[in-house]
Amino acid sequence: MLAACSRNQNPIIVIETDYGNIEAELFLREAPISAGNFLYHIDSGTFSTYQPVFYRVVRLDNQPDNDIKIEVVQGGLHRNNRRGVVTPIEHETTQATGVKHTHGVLSMARNAPGTATVEFSICVNDQPELDFGGKRNPDGQGFAAFGKVIKGMEIVIEIQQFPDERQYLLEPVPIRAIRRK
Numbered sequence: 001m002l003a004a005c006s007r008n009q010n011p012i013i014v015i016e017t018d019y020g021n022i023e024a025e026l027f028l029r030e031a032p033i034s035a036g037n038f039l040y041h042i043d044s045g046t047f048s049t050y051q052p053v054f055y056r057v058v059r060l061d062n063q064p065d066n067d068i069k070i071e072v073v074q075g076g077l078h079r080n081n082r083r084g085v086v087t088p089i090e091h092e093t094t095q096a097t098g099v100k101h102t103h104g105v106l107s108m109a110r111n112a113p114g115t116a117t118v119e120f121s122i123c124v125n126d127q128p129e130l131d132f133g134g135k136r137n138p139d140g141q142g143f144a145a146f147g148k149v150i151k152g153m154e155i156v157i158e159i160q161q162f163p164d165e166r167q168y169l170l171e172p173v174p175i176r177a178i179r180r181k
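The sequence shown begins at 1 in my numbering and counts up one residue at a time.
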């Protein structure tokens, strides 16, 4: 499942949207399971076949019922039919990888540990409550951080401000492609 990459250089990916491109470095050495899974789905065509979107935006002003507030933009295949297409991966904690949820970090979305597939979030500002031991998820295991935006964070912030209802964008933002640079 792991894709080959240079020993001294992490792979760079491009997330293409109508608002511009977002480039991210994937931390394959630090988070081999999560970053390797993401690269696998890029290389195998999962993202191009199932038309991913940015569909959820979490801001300080749209989570009134949450005691622990976060700021992220979430994307992936969302409601597209993907049963049997993606297999959940083992959970990589930030305690194990050392990759923390800082501004621009990519992270696997999940329910219980070991349920992450292809849904991902991009942090807007530092989000320590998403790290191992953080309080955003009651199990305390946090989320698996595996990369970081290196160009185009202004596009992520723009998308985060789009109109939503209960954190779900009224009009999801199509991701035209996710590819290696």
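Glycine included, every Cβ here is placed at the ideal spot set by N, Cα and C.
Exposed or buried, which one is tyrosine 168 when buried takes at least 16 other CB atoms within 10 Å?
So tyrosine 168 counts as exposed.
Is glycine 104 closer than 7 angstroms to lysine 69 when the C-beta atoms are compared?
Not closer than 7 angstroms, so no.
Of all the options Ala144, Ile175, Pro174 and Arg179, which has the alpha carbon lying nearest to the alpha carbon of serine 34?
Among Ala144, Ile175, Pro174 and Arg179, the Cα nearest to that of serine 34 is on Ala144.
Assess contact between the stretch 92 to 106 and the stretch 50 to 61, defined as three or more Cβ pairs (one per stretch) separated by less than 8 angstroms. Is contact present?
The stretch 92 to 106 is not in contact with the stretch 50 to 61.
Inter-residue spacing [alpha-carbon to alpha-carbon] between asparagine 21 and asparagine 37
Roughly 21 angstroms separates the two Cα atoms.
Leucine 2 (DSSP reduced to helix, strand or coil)
For leucine 2, the pLDDT reaches just 41, beneath the cut-off of 50, and the residue's location in the model is therefore unreliable, although a value from the coordinates is still provided. DSSP places leucine 2 in coil when its eight states are reduced to three.
Would you please state the rounded distance, in angstroms, between the beta carbons of valine 73 and threonine 117? I believe it to be under 8 angstroms.
18 angstroms between Cβ atoms; not a contact.
Is it right to say glutamine 51 is buried, meaning 16 or more other beta carbons lie within 10 angstroms of its own, or is it exposed?
So glutamine 51 counts as exposed.
Quickly, what does DSSP pair methionine 108 with across the bridge? List them, please.
According to DSSP, methionine 108 bridges with Phe120.
Roughly how many whole angstroms lie between the Cα atoms of leucine 130 and leucine 26?
In a straight line, the C-alpha of leucine 130 is about 18 angstroms away from that of leucine 26.
Using a Cβ-Cβ cut-off of 8 angstroms (strictly less than) and excluding sequence neighbours within five positions of threonine 17, which residues of its own chain qualify?
Residues of the same chain with a CB within less than 8 angstroms of the CB of threonine 17, apart from the 5 flanking positions on each side, are Phe54, Ile155, Ile159, Val173, Pro174, Ile175 and Arg176 in chain order.
Residue nearest to aspartate 67 in terms of C-alpha spacing, selected from Asn137, Thr115, Phe146 and Lys181
Taking aspartate 67 as reference, the option from Asn137, Thr115, Phe146 and Lys181 with the minimal CA-CA separation is Asn137.
Tell me the DSSP secondary structure of valine 58 in three-state form.
Strand at valine 58.
Taking just the CA atoms, how far does threonine 115 sit from threonine 49?
For the pair threonine 49 and threonine 115, the Cα-to-Cα distance works out to about 21 angstroms.
Leaving aside the five residues before and after glycine 140 along the sequence, list all residues of the same chain whose C-beta is less than 8 angstroms from its C-beta, in chain order.
Within the same chain, glycine 140 has close Cβ partners Phe132, Gly133 and Gly134.
DSSP state of alanine 144 mapped onto helix, strand, coil
It is coil, neither helix nor strand.
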